Amino acid sequence: MSFKITFIGAGSIGFTRGLLRDLLSVPEFHNVEVAFTDINPHNLDMVTELCQRDIRENGLDINIHATTNRREALKDAKYVICTIRVGGLEAFATDVDIPLKYGVDQCVGDTLCAGGIMYGQRGIAEMLNICKDIREMASKDVLLLNYANPMAMLTWACNKYGGVRTVGLCHGVQGGHWQIAEAFGLKQEEVDIICAGINHQTWYVQIRHNGEDLTGKLLEAFEKHPDFSRTEKVRIDMLRRFGYYSTESNGHLSEYVPWYRKRADEINDWIDLGSWINGETGGYLRVCTEGRNWFETDFPNWMKEKPFEYKQDQRSHEHGSYIIEGLETGRVYRGHFNVVNNGVITNLPDDAIIEAPGYVDRNGISMPVVGDLPLGPAAVCNVSISVQRLAVEAAVHGDDKLLRQAFMMDPLVGAVCNPNEIWQMVDEMLVAQEQWLPQYGDAIAEAAVRLASGNLIPTREGYRGAARLKVKTVEEMQQDREAATKNAGESDKGKDRAKAVQ
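The following block contains the structure:
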């Protein structure tokens, strides 16, 4: 069978290469068309060269069409996979550093909190442009598979305002599933789960093994685990107080709620610096910076390494290839997908983007009704949904008043900052990110005037946070090439955490 798949943001080396391996491991897909597009021609060339080498070594006759012309890449595409990071590391640094001046200490900053909200403003503006190109150039039955963060906000905007059928995909559920099995001393395939909520705040509401319900035994298992008891303190505390385990990492979760990062002198009580993902201040920014620098330096060695093998047992746990396989071949796939709620989770708003179990076959993607989430987890999700809704509407309409309200309603920002501080912080972030926020022209001009007035609230200039580590130089990384290469993988959007933590 033949159809076209287009990767937008294909310069994401590990993710693009891994997803292509997953897709081309399906025997029926050996004649598909593949297009890569990215705004960075250098990264695009490197990724294309590496992936084309993999294709050639696996004996397939597929020539990747790589172009910086997005509309050209989208022509006649049936599936579009999106992994963009609007503003790159330059904008990402302001997502982390400006809030730090106001005491808002983030580990990641790509989903909620000050960084995630601004990431959404940049991303939504561009995603609507992408949707326009998809509507005009791609196949009429095109499906957009969005891996870009903030997952819920971008997927929400695409479905409501972009006019393109969009499903958001993440690997957090798979990673937590592996952890749960590990905590019980079982194999992942032996443990059945039902997980539901919103992206990065999805809850394992049922855990079964051989018919036995293990949900109520999970807290004890995690508290006794020699590693998780140290690395997952926030998640364990949330499990203790809300009764259910949350999908996302310790560092991620710590910045979505108001309790664990509000006081600088308490942050280290809840995190572990053995890995950035356990809560390091600006941890994701650091590994992304190191990963970019390392890949650019070490690329010739990547080309010398053994190519990927396109085999079923080499596929990752990423949902994307399995969804396409189900739709095209009829093989049934069960995964967890981010879709418009429409009654799937009955005590979350219908317009929200929820993450829940779904099934894929030739008939499409089917989402069974989950029903009510437990009240506590639902309350946590509803707070985040309110922030997401405000942020989406702000981004679409260029409404800085809604943007400021999103900041005020954000759990961690609201726990740390008063309204005047929030207003000034938003002014700073708007001005710093002007080049990526075309919808905020008037608001940015007004913010710049206020900032130039000199009548400003004092901030902690140069504050690095409670637990920030130094960015390693390439020379430092060269002392342990294996660790540097692993780190470069962890910095990539497509890190398959379900496998990576093993």
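Residues -14 to 487 (the numbering used here) are what the sequence shown spells out, left to right.
Glycine included, each C-beta is placed from N, C-alpha and C at the ideal position.
The structure presented is a predicted model; accordingly, all values stated were derived computationally and were not measured.
Count the other C-beta atoms from every protein chain shown that fall within 10 angstroms of the C-beta of glutamate 340, then say buried if there are 16 or more, exposed otherwise. By the neighbour-count rule (16 or more Cβ atoms within 10 Å), glutamate 340 is buried.
Of the residues Gln418, Gly426, Asn405, Ala469, which one's Cα is nearest the Cα of proline 443? Of the candidates Gln418, Gly426, Asn405, Ala469, the residue whose Cα lies closest to the Cα of proline 443 is Asn405.
When the Cβ atoms of the stretch 408 to 425 are set against those of the stretch 448 to 466, are three or more pairs found closer than 8 Å? Taking a cut-off of 8 Å on C-beta distances, the stretch 408 to 425 does not touch the stretch 448 to 466, as fewer than three cross pairs fall below it.
Identity of the residue in Val65, Asp23, Leu5 nearest arginine 38 by Cα: Ranked by how close their Cα comes to the Cα of arginine 38, the residues Val65, Asp23, Leu5 have Leu5 in first place.
Beta-carbon proximity check, isoleucine 69 vs glutamate 111, cutoff 8 Å: Yes, these two residues count as a Cβ contact at 8 Å.
With a CB to CB cut of under 8 Å and the five nearest residues on each side skipped, what residues in its chain are close to isoleucine -10? Once the five neighbours on either side are set aside, the close Cβ partners of isoleucine -10 are Leu8, Val17, Glu18, Val19, Ala20, Ala62, Lys63, Tyr64, Val65, Ile66, Ile309.
Residue ranges of each alpha helix (DSSP H) within the stretch 31 to 112, 4 or longer: As far as the stretch 31 to 112 is concerned, its whole alpha helix (DSSP H) runs of at least 4 residues are 55 to 59, 73 to 86.
Tell me whether the beta-carbon of methionine 352 lies closer than 8 Å to the beta-carbon of valine 324. Yes, they are a contact pair.
Is the beta carbon of tryptophan 421 sitting closer than 8 Å to the one on glycine 72? Yes. Within cutoff.
Identify whether phenylalanine 0 lies in helix, strand or coil by the three-state DSSP scheme. Here DSSP, grouped into helix, strand and coil, assigns phenylalanine 0 to helix.
Distance between beta carbons of glutamine 173 and phenylalanine 213, contact taken as under 8 Å: About 15 Å separates the two Cβ atoms, so there is no contact after all.
So leucine 29 and alanine 51 are in contact, right, with Cβ under 8 Å, and what is the actual spacing, rounded? That belief holds up - the Cβ atoms of leucine 29 and alanine 51 are roughly 6 Å apart, short of 8 Å.
Can you tell which of Val434, Ala137, Glu13 has the C-alpha that lies nearest to the C-alpha of arginine 316? Comparing Cα-Cα distances from arginine 316 to each of Val434, Ala137, Glu13, the minimum goes to Glu13.
Length-filtered (4 minimum) alpha helix (DSSP H) runs lying within the stretch 113 to 158: Runs of the alpha helix (DSSP H) lying entirely within the stretch 113 to 158 and spanning at least 4 residues, in chain order: 136 to 142.
With a threshold of 7 Å on Cβ separation, who are the neighbours of glycine 148 within its own chain once the five nearest residues in sequence on each side are excluded? Closer than 7 Å at Cβ, skipping near neighbours: Cys116, Arg120.
N- and C-terminal bounds of the alpha helix (DSSP H) containing valine 272: Counting along the chain, the unbroken alpha helix (DSSP H) around valine 272 starts and ends at 268 to 289.
I'd like to check one pair, isoleucine 109 with alanine 142: are the Cβ atoms closer than 8 Å? With respect to isoleucine 109, alanine 142 sits close: the two C-beta atoms are nearer than 8 Å.
Segment contact, 8 Å Cβ cut-off, at least three pairs: the stretch 291 to 299 with the stretch 321 to 336: Not touching, per the Cβ criterion.
Does any residue of chain C have a CB that is nearer than 8 Å to the CB of alanine 166? The displayed structure is made up of one protein chain only, and chain C is not part of it.
One question on the structure: do histidine 185 and cysteine 92 come within less than 8 Å of each other, judged by their Cβ atoms? No, they are not a contact pair.
Is proline 443 helix, strand or coil when you go by DSSP? Residue state, collapsed to three classes: coil.
Short check: CB of aspartate 257 to CB of threonine 216, under 8 Å? With respect to threonine 216, aspartate 257 sits close: the two C-beta atoms are nearer than 8 Å.
Chain-order list of residues whose beta-carbon lies under 7 Å from that of serine 369 (same chain, five-residue window excluded): Within the same chain, serine 369 has close Cβ partners Leu97, Ile183, Gln186, Tyr241.
Between the Cα of valine 127 and those of Arg150, Asn403, Leu270, spot the shortest distance and give me the residue it belongs to. Taking only the C-alpha atoms, the option nearest valine 127 is Arg150.
Run through DSSP, which three-state label would threonine 232 get? Coil, per DSSP.
Are isoleucine 367 and leucine 388 close, meaning C-beta to C-beta below 8 Å? Per the sequence shown, residue 367 should be read as asparagine rather than isoleucine. No, Cβ-Cβ distance for asparagine 367 and leucine 388 is not below 8 Å.
With C-beta atoms as the reference, is alanine 496 less than 8 Å away from glutamine 424? The question about residue 496 has no answer, for the chain in this structure spans -14 to 487.
Helix, strand or coil for lysine -11? Go by DSSP, reduced to three states. Under the three-state reduction of DSSP output, lysine -11 falls in the strand class.
Using CA coordinates, which residue listed in Asn278, Asn286, Cys402 is at the minimum distance from proline 84? Of the candidates Asn278, Asn286, Cys402, the one whose C-alpha sits nearest the C-alpha of proline 84 is Cys402.
Find the nearest neighbour of asparagine 25 within the set Ala473, Ile179, Glu281, Asp385, judged by alpha-carbon distance. Taking only the C-alpha atoms, the option nearest asparagine 25 is Glu281.
Output the boundary residues of the beta strand (DSSP E) element that contains cysteine 180. Taken as a continuous stretch (DSSP letters only), the beta strand (DSSP E) holding cysteine 180 covers 177 to 183.
My parser needs the alpha helix (DSSP H) runs of 4 or more residues fully inside the stretch 365 to 395; what are they? Here the runs fully enclosed are 385 to 394.
For tyrosine 230, which of Phe207, Met122, Tyr245 has the nearest alpha-carbon? That would be Phe207, whose Cα lies nearest to the Cα of tyrosine 230.
Taking the continuous alpha helix (DSSP H) assigned at phenylalanine 213, which residues delimit it? Per DSSP, phenylalanine 213 belongs to the alpha helix (DSSP H) from 213 to 216.
Suppose contacts are defined by Cβ-Cβ distances below 8 Å. Is glycine 105 in contact with proline 135 by that definition? In this structure, glycine 105 sits near proline 135, with a CB-CB distance shorter than 8 Å.
Return the residue from the list Gly100, Tyr87, Gly259 that minimises the CA-CA distance to alanine 78. Of all alpha-carbon atoms in Gly100, Tyr87, Gly259, the one lying nearest the alpha-carbon of alanine 78 is that of Gly100.
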